[in-house]
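Protein chains in written order, with the numbering used here: chain L, 1 to 290; chain P, 1 to 610. Note that the Cβ used here is the ideal one computed from N, Cα and C, for glycine as well. Given the structure is predicted, the values throughout are model-derived calculations rather than measurements. Taking it in order: structure first as structure tokens, then the write-up.
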Amino acid sequence: MSATTIGTAAIRTPFGEFWRRFRTKRMALFSLGLIVVLVLAAALAPWIAPYDQATPDYDALLEGPTWAHLAGTDTYGRDIFSRMIWGGQVSLTVGFLSVVLGCVVGVSLGIISGFFGGWLDGLMMRIMDVMLAFPGILPAIAVVAILGPGIVNVIYAIALSAVPVFARLVRGTTLALKQTLYVQASRSIGVSRTKLMFVHILPGTMPAVIVYASLRMGTSILTAAALSFIGLGAQPPSPEWGAMLSDGRSYLGVADHVTIFPGMAILITVLAFNLLGDGLRDALDQKLRT
Amino acid sequence: MNQTPSRPALLDVRGLSVTFDTERGPATVVRELDLTVAPGETVAVVGESGSGKSVTALAITRLIDYAGGRITGGQILFTDRTGRQRDLAIEPPETMRQLRGPDIAMVFQEPMTSLNPVLTVGAQIAEAITQHQGLNEKSAREEARRLLERVRIPEATRQLDRYPFQLSGGMRQRVMIAMALSCRPRLLIADEPTTALDVTVQAQVLRLMRSLQQELGMGLIFITHDMGVVAEMADRVVVMQHGRVVETGEVVELFTKPRHPYTKMLLDAVPVLGALADHPLPAPFIIGDEPHVEQDTVRHEATPVLELEGLTTRFDVRRGFRLVGRIHAAEQVSLTVAPGETLALVGESGCGKTTTGRSIIRLEQPLGGTIRVNGEDVSKLNPAREKRMRRAIQFIFQDPFASLDPRMTVGFSIAEPIHTHKLAHGPAVRERVQTLLGQVGLLPEHIDRYPHEMSGGQRQRVCIARALASEPSLIIADEAVAALDVSIRAQVVNLLMDLQTRLGLSYLFISHDMAVVERVSHRVAVMYLGQIVEIGPRQAVFGDPQHAYTRRLLAAVPVPDPARRSRHEGLDDSEVPSPLRRPNDMPVVAPLVRVGEGHFVARHSVGGMY
């Protein structure tokens with residue numbers, strides 16, 4: 001009992017407590033830095049990309065990396081490095097929007113399901129189970145097949161496949177939080193159910209949601225790239241990373257750099273989000289206790 | 001240290017210091033501690049939370065190595081079974097492992113978490129035996145059975161094959177003691193071994209430990225915060241505060257002539273059962289030179305703030321879809337609380353006192369009975385009635401930390417009832433919260449603190465402020481002071497009583513602590529197996545208990561007076577029966593019989609007691 005009172009930290013806010021733990025995670029901090037660089041690069045593409053992403057140069061087709069073209073050129077002589085920077089806009093936006101959409105819907109469903117319980121919970125969770133039973137990319141392909149190819153539909157498709165995972169995650173936490181003494185205490189005071197859900201339970205689910213969202217960013221970017229690669233996502237001449245991979249597919253062995261560099265971009269981005277997620281989990285998953 | 005030179009000390013701790021490395025640098029939690037234990041002697045280490053008493057125990061067993069602490073000074077001289085004196089502060093881990101068990105054993109506070117939940121009791125004891133004594137499996141099991149019998153566990157053979165969760169808390173602690181004694185240690189360190197137990201069970205376990213100690217002639221270090229237990233057990237007492245020993249002495253001397261002001265304060269703050277035997281009305285604790293004030297706040301003629309009639313709450317126990325039993329948590333509970341009155345609901349864990357409280361505010365759904373709040377029937381709730389009820393009755397939980405949202409500031413939590421019941425708007429809310437903080441003895445700037453930045457006593461004050469925020473007429477305090485240190489407990493009890501005088505509040509004071517109950521309550525209701533078995537004015541119930549269970553409960557309370565030891569000879573080792581019954585096996589409930597002015601008692605058999 002005495003040992004637990006020693007570490008009473010004079011930390012003012014839950015965020016302060018989080019940051020104190022997070023800043024010791026070197027890999028995660030490095031990943032966060034990398035993600036910031038990637039996002040900035042994508043956002044500033046018009047100013048920092050050395051070439052326009054769509055202008056062909058028929059004098060320099062399929063050229064390997066040179067000082068003029070850091071990542072070489074593709075079949076139309078477009079600068080691959082510039083296209084990767086521009087493509088970041090598409091890939092990161094698709095990843096971000098699909099996660100946010102899936103997260104908002106999934107969290108809402110999960111919290112309602114867990115809080116009210118009963119037949120509603122049973123019904124919603126069985127639907128989620130069915131959705132989860134399909135392997136990863138399959139429902140996304142189905143959605144795009146129905147709505148038609150295109151980057152916006154890819155966002156819907158990926159968001160949809162993220163919904164059941166968020167819903168399950170949040171439902172579990174909600175069930176646990178519903179039983180906590182502080183939620184019971186607020187209930188005994190007469191606090192309305194909406195307030196209980198949004199003021200007391202929702203913030204408690206956030207650590208798990210944030211962690212999962214960052215991991216899911218990686219998965220979503222990968223899925224988007226996969227859909228583009230098989231021709232269901234971003235359409236040429238979009239510099240989306242998956243679409244670029246698809247472009248270079250025919251030249252594997254002849255001009256490897258056309259696929260290697262966009263592939264590296266996907267790898268680094270996905271890895272960065274996964275490492276960030278791991279760090280966030282270490283920093284957030286502990287109970288906020290003294 | 002008055003150590004007789006002819007008898008070498010079993011344990012001689014000299015100048016022990018223990019340091020923990022924290023993120024803000026090293027923190028020394030035990031400083032220059034001296035402690036000796038002779039064979040067959042019981043030394044009680046007392047102090048409030050954070051005084052370093054548990055750390056001392058961990059340091060002696062060197063379990064501190066695994067708890068993140070370091071011994072930074074001093075010697076721990078221990079005479080092992082071969083008669084060799086060793087300095088435990090510097091022995092290598094391998095030697096310590098061999099000493100722990102055969103030479104030094106430890107019993108912890110929480111018997112559930114110290115036992116492995118997936119192994120049977122027999123297997124766990126046998127493991128300790130085979131580890132150190134090299135017996136084969138069969139004889140180890142036989143030895144385990146013998147040990148269980150020694151700690152007075154009934155039907156020992158059958159209990160060997162049970163899992164920890166199938167045993168009651170008292171039984172589990174006996175198993176822990178059996179394991180600790182399996183190798184006949186020379187020194188037993190017990191860290192708050194009875195704190196988690198009910199009083200009657202505590203009395204049984206204490207008596208058991210005393211007789212086993214005499215049988216085995218071992219040294220015993222008994223760590224506790226409870227002066228009553230100290231008086232019951234100790235030969236010598238070591239009082240700790242902030243990691244230092246402030247006083248040490250023979251038990252009788254220390255209780256009669258405490259020298260250090262902290263010891264005096266500790267002893268003054270201990271509620272003594274019987275202190276108000278000659279006073280019909282409750283009175284706050286006397287801290288320092290405050291005068292004795294009687295709490296004459298009851299308005300008998302007014303409409304009762306709470307009336308319960310036949311409140312019944314049962315919990316179904318199902319296996320799959322099949323109903324296999326019901327827990328009769330509250331059976332036909334009837335009581336009233338007048339304005340300005342404190343009614344104490346006492347009993348041991350599982351008796352249904354908490355369920356009764358929770359049923360009133362609908363944290364549990366009662367099966368039947370009527371609940372009237374300020375004359376209004378709230379058994380059938382509609383939203384408007386529910387809102388009025390939730391404003392009129394507030395609940396204070398035992399664990400203040402768990403009952404405050406850790407992500408919200410204290411100010412937010414206190415303001416929540418004000419917002420919910422629309423009692424103030426805009427900047428007036430903050431003002432009101434600050435007034436409330438003042439009322440419970442906190443500072444206005446505490447408003448922006450988070451619960452984890454406050455001490456246990458402060459947090460409970462926050463919970464009280466929160467309960468006051470809706471201007472309730474009744475506060476249900478469920479073991480509200482049980483988790484607090486004695487000195488803080490006395491302050492919080494006095495605060496509650498002061499608020500009663502000033503605001504005319506009523507309390508339903510749910511507690512197992514008879515000495516505190518004597519201080520606060522005008523009337524007392526004793527619960528046993530879901531029924532009220534005795535109810536009446538406090539003086540009548542405590543002075544002239546009519547029900548066997550009330551008598552048993554009162555007899556088990558440890559008295560902080562070493563001269564009045566061993567009154568427990570009449571206590572048997574029986575277990576409280578379970579409130580779990582088969583689906584159609586209804587308990588007998590009959591009206592209580594009047595035995596005096598407002599004093600009623602059950603004359604029908606409740607769990608075999610009359």
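At a cut-off of 8 Å between beta-carbon atoms, HIS604/P makes no contact with chain L.
Flagged as an interface residue toward chain L: LEU404/P, by a C-beta distance shorter than 8 Å. If you check the CB distance, VAL36/L and ARG216/L do not come in under 8 Å.
Annotated three-state conformation of LEU345/P is strand, per DSSP. Pairing GLY233/L with PRO149/L gives a Cβ-Cβ distance under 8 Å. Using a Cβ distance threshold of 8 Å, ILE189/P and ARG174/P do not count as a contacting pair. Between the stretch 199 to 208 of chain L and the stretch 176 to 188 of chain L there are three or more inter-stretch CB-CB distances shorter than 8 Å, so the stretches are counted as touching.
For PRO14/L, a Cβ of chain P is located within less than 8 Å of the residue's own Cβ. In the same chain as THR72/P, and ignoring 5 residues on each side of it, the C-beta atoms closer than 6 Å to its own belong to SER17, THR19, in chain order. DSSP, read as helix, strand or coil, puts GLY228/P in helix.
Residue-level contact check: VAL94/L does not touch chain P, since none of the beta carbons of chain P fall below 8 Å from its beta carbon. Within the DSSP bridge table, the entry for PRO26/P names ASP21/P as partners. LYS264/P and VAL29/P have their C-alpha atoms some 23 Å from each other. The beta carbons of GLY369/P and LEU308/P sit closer together than 8 Å. Per DSSP, reduced to three states, the secondary structure at ASP377/P is strand. Between the alpha carbons of VAL429/P and VAL45/P lies a distance of about 46 Å. Relative to the Cα of ILE125/P, the nearest Cα in the group LEU99/P, GLU91/P, TYR163/P, GLU94/P belongs to TYR163/P.
Using a CB distance cut-off of 8 Å, SER470/P counts as an interface residue toward chain L. Chain P places no beta carbon closer than 8 Å to that of VAL254/L, leaving this residue out of the contacts. If you draw a 10 Å sphere on the C-beta of ILE158/L, you find 16 or more other C-beta atoms in it, and that means buried. Burial state of HIS300/P is exposed, judged by a 10 Å Cβ sphere holding fewer than 16 other Cβ atoms.
Identification of chain L residues near PHE222/P by a Cβ-Cβ cut-off of 7 Å yields none; the smallest Cβ-Cβ distance measures about 15 Å. The beta carbon of TYR156/L sits no closer than 8 Å to any beta carbon of chain P. DSSP, reduced to helix, strand and coil, places THR205/L within a helical segment of the structure shown. Here MET240/P carries a strand assignment [DSSP, helix/strand/coil]. For ILE177/P and LEU63/P, the gap between their C-alpha atoms comes out near 18 Å. Within the stretch 325 to 352 of chain P, no residue has a Cβ lying closer than 8 Å to any Cβ of chain L. Looking at the backbone, the Cα of GLY249/P and that of THR36/P are separated by about 11 Å. As far as DSSP is concerned, LEU160/L takes part in no beta bridge.
With fewer than three CB-CB distances shorter than 8 Å, the stretch 555 to 566 of chain P does not count as touching the stretch 575 to 595 of chain P.
Contact annotation, ALA344/P with PHE509/P: C-beta distance approximately 5 Å; criterion of less than 8 Å satisfied.
Taking the Cα of LEU404/P as reference, the smallest distance to any Cα among ARG326/P, GLN458/P, THR303/P is reached at GLN458/P. With 16 or more other CB atoms across the displayed protein chains lying within 10 angstroms of its CB, TYR182/L is buried. With fewer than three CB-CB distances shorter than 8 Å, the stretch 103 to 112 of chain L does not count as touching the stretch 53 to 62 of chain L. PRO203/L reaches chain P at ASP405, ARG407, MET408, counting residues in chain order whose Cβ is nearer than 9 Å. DSSP places THR550/P in the uninterrupted alpha helix (DSSP H) bounded by 548 to 556.
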